[in-house]
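Undergrad: Counting from 1, one number per residue, gives the positions in the sequence shown under this note's numbering.
We put the CB at the ideal spot given by N, CA and C, even for glycine.
Below: one structure in structure tokens.
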Amino acid sequence: MKFKSIYPLALGALLMTGCKKSFLDINTNPNSVPTATPAVVLTNALNTTAARLVSPNEIGSYWSGQWTQSSSYILSPTTFNYQFTNGDFNYWDGLFDNLQDYQYVLNNADANGQKFFKGPASVMKAYVYQALIDMYGDVPYTDALKGLASLAPKFDNQKTVYESLITQLDAAIVDLKANAFTSAYTGSGTDIMFGGNTTKWVRFANSLKLRILMHQSRITGRDAYITTEINKIVTEGSGFITGEEVGVGGASFYVASDGKLNPIYERWGYKANGATQSLGRYPRPTKFLFDQLISANDTFRLKRIAYAKGGEKGATPGISTNAELVKNYVGVPFGVASGYTAPSSSYIGPSLIVKGQFNRPIVLMSAAEIQFSLAEAKQRFPAVTLPGTAQSYYEEGVKQSFRLLGVADAATNANALLTSGIADADWSASTDKLHAIAIQKWLALVNFSGLEAWTEYRKSNLPVTPQSPGVSSADRPLRFFYPNTESGSNSNVPTGIDVFKTRLFWDVD
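Pasting the structure below:
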């Protein structure tokens, strides 16, 4: 592909949504010779990862019981009656295209004198592969991303790839420590995640390793492996992301122009001119979610997760049109086809969408998620050398969730919940500690990490959410079909997949 000259970075890094390509994407024609520098490609690749995970996070929010749709729209049987085929939910093509960009950085960084981009590219390559495995299972890995040298790559076992991702992240950490960003790229707009902060990249790599390991925590016989790998993280010494999120974009990246807004804001929020998007009345928090929050008197998070019925007050962004009283927060039963129109139910709230705030970063991983993973690790595996206790990590996870949601006086209000005497909120009052961790982690992922919420839901079977009324059986989707675009061109695609029966390797029951 022939590259045009690059204007200021905000113009050069155009948003990509769905499968649309940016002019910075180097994969339009795999037979042409790309000329972009690794710096330019990395910026676009990071942006692309965030944009292309918006849709998987949406379906994950539905299938983990956090979101549903308002009945102002015709009910989607694909999503809510699970009537989908290999022509639906094709996130595969876009994410493998994204992987090609990271591979391009890895292949060309040394020759361009930009070796400090190899560590970030390798971390992000692992991040995208982890997401693909959690959606589809076995994936091409050892034979993939080779262009013309491997047009029909073989598929590798998902468990084996998961283990390879841990090794890949170990190597990326070594690379990151050995190759600090030069001053020209530190704090610049190239690294739209961490601004060239190598320490944060290492902590993110450790946090991603923890996520990958804890997905496997219920597999019989994995205790020693998981314990050993977590202890290696502790020995490495850089720690995990704390007190902030791993996010892409932000105030210096997204622009007040249609097509260049934060893609979540542009999908369910507003246009650049302030007009409401056509899908702005579509997603709805579930009644089940609201019931969980209200039963624990967790109204501070309730009012940040959602707007009261009627939505956001146009003249006062971030505030509900109707009084923010608990009775005005109306969740929708999952998968219902009528009776809950947009004006009569609660909208996705100010933690995610506020009119005019088009340039928030997109969250790829939250500090709360990491803390709950640490709590589970400490609770399940007594031989891990993590310095904190399961309780301390759990309570910090709740506090970080309050902070991320934007609860006023977050620490104080989180402490009130943590000392409430309510099971699955107050650690001391919770007889089943792993159950409490799973419930609070599920709550902390609401609005931000739907795909991860669905993964945790499949892994733990928690919380026990209501079935869609349009489904006659107890079956729920465990994965996606491999897309017909891949099976039509690659004879190595696994066959015999039953999306309701064929479990991923970490989904034990």
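(1) Using only alpha-carbon positions, find the residue among S430, G388 and I219 that is nearest to R458.
(2) Relative to the alpha-carbon of G65, which residue among G349, P285 and K378 has its alpha-carbon at the smallest distance?
(3) Just checking, does the region 359 to 374 make contact with the region 330 to 346 on the three C-beta pairs under 8 Å criterion?
(4) With DSSP collapsed to three states, give me the class of K2.
(5) Could you name the residues of the same chain whose beta carbon sits closer than 6 Å to that of N90, not counting the 5 residues immediately before and after it, in chain order?
(6) Can you find the residues in the same chain that come closer than 6 Å, C-beta to C-beta, to A436, ignoring five residues on each side of it along the sequence?
(7) Our contact map puts L352 next to I264 with C-beta atoms below 8 Å; I'd like the distance itself, whole angstroms only.
(8) Just list the beta strand (DSSP E) runs in the region 261 to 321, keeping only unbroken ones of 3 residues or longer that don't cross its boundaries, in chain order.
(9) Could you pull the start and end residues of the alpha helix (DSSP H) that P120 belongs to?
(10) Go through its chain and collect everything with a Cβ distance to L145's Cβ below 7 Å, but skip five positions before and after it.
(11) Please name the residue in D143, L148 and Q168 whose C-alpha comes closest to that of D156.
(12) Would you call the CB atoms of N461 and D509 closer than 8 Å?
(13) For D498, does the three-state DSSP call read helix, strand or coil?
(14) Do you know offhand how far L261's Cα is from Y254's?
(15) For M135 and R203, I'd like the C-alpha separation in whole angstroms.
(16) Per DSSP, what are the beta-bridge partners of G249 in this structure?
(17) Pull up the distance between the alpha-carbon of Y307 and that of G349, whole angstroms please.
(18) For a quick check, are the C-beta atoms of N206 and G247 less than 8 Å apart?
(19) From the DSSP output, which residues share a beta bridge with Q69?
(20) Would you mind stating whether Q114 and A39 have Cβ atoms separated by less than 8 Å?
(21) Go through its chain and collect everything with a Cβ distance to E395's Cβ below 7 Å, but skip five positions before and after it.
(22) Taking all protein chains shown into account, do 16 or more other C-beta atoms lie within 10 angstroms of the C-beta of P387, making it buried, or fewer, making it exposed?
TA: In this structure, then:
(1) The sequence position of residue 458 within the sequence shown is 458, counting from 1. Distances from the CA of R458 to each of S430, G388 and I219 were compared; the closest alpha carbon is that of I219.
(2) Here the question's residue 65 lines up with position 65 in the sequence shown. Comparing C-alpha distances from G65 to each of G349, P285 and K378 shows the shortest one belongs to P285.
(3) These segments do not touch.
(4) As a position in the sequence shown, residue 2 is number 2, starting the count at 1. Here K2 scores only 27 on pLDDT, less than 50, and its place in the model is too uncertain to base an answer on.
(5) Counted from its first residue, the sequence shown places residue 90 at position 90. Closer than 6 Å at the Cβ level, and outside the excluded window around N90, lie P483.
(6) For the purposes of this step, residue 436 is identified with residue 436 of the sequence shown, where counting begins at 1. D424 and S430, listed in sequence order.
(7) Your numbering for residue 352 matches position 352 in the sequence shown. Your numbering for residue 264 matches position 264 in the sequence shown. Contact holds; Cβ gap of about 7 Å.
(8) For the region 261 to 321, whole beta strand (DSSP E) runs of length 3 or above, ordered along the chain, are 283 to 285.
(9) By one-based count along the sequence shown, residue 120 stands at place 120. Per DSSP, P120 belongs to the alpha helix (DSSP H) from K118 to Y136.
(10) Counting from one through the sequence shown, the residue named residue 145 turns up at place 145. Cβ neighbours of L145 beyond the five flanking positions: L99, Q100 and Q103.
(11) Translated into the one-based positions of the sequence shown, residue 156 becomes position 156. Selected option, being the one with the closest Cα: D143.
(12) Numbered from its first residue, the sequence shown carries residue 461 at position 461. Numbered from its first residue, the sequence shown carries residue 509 at position 509. Yes. Within cutoff.
(13) Residue numbering aside, residue 498 sits at position 498 when the sequence shown is read from its first letter. Of the three classes helix, strand and coil, the one that applies to D498 here is coil, per DSSP.
(14) Within the sequence shown, residue 261 is the residue found at index 261, counting from 1. Within the sequence shown, residue 254 is the residue found at index 254, counting from 1. Approximately 5 Å, taken between the alpha carbons.
(15) One-based indexing of the sequence shown puts residue 135 at position 135. One-based indexing of the sequence shown puts residue 203 at position 203. Take the alpha-carbon of M135 and the one of R203: they are about 25 Å apart.
(16) Position 249 of the sequence shown holds residue 249. Per DSSP, P361.
(17) By one-based count along the sequence shown, residue 307 stands at place 307. By one-based count along the sequence shown, residue 349 stands at place 349. About 5 Å.
(18) Within the sequence shown, residue 206 is the residue found at index 206, counting from 1. Within the sequence shown, residue 247 is the residue found at index 247, counting from 1. In this structure, G247 does not lie closer than 8 Å to N206 by Cβ.
(19) Your numbering for residue 69 matches position 69 in the sequence shown. Answer is P283.
(20) Along the sequence shown, one-based indexing puts residue 114 at 114. Along the sequence shown, one-based indexing puts residue 39 at 39. Cβ distance < 8 Å, so Q114 and A39 count as in contact.
(21) Here residue 395 is taken as the residue at index 395 of the sequence shown, counted from 1. Scanning its chain for C-beta atoms nearer than 7 Å, with the 5 sequence neighbours on each side dropped, one finds around E395 the residues L418 and W427, in chain order.
(22) Mapped onto the sequence shown, residue 387 falls at position 387. By the Cβ-count criterion, P387 is exposed, with fewer than 16 other Cβ atoms from all chains shown falling within 10 Å of its own Cβ.
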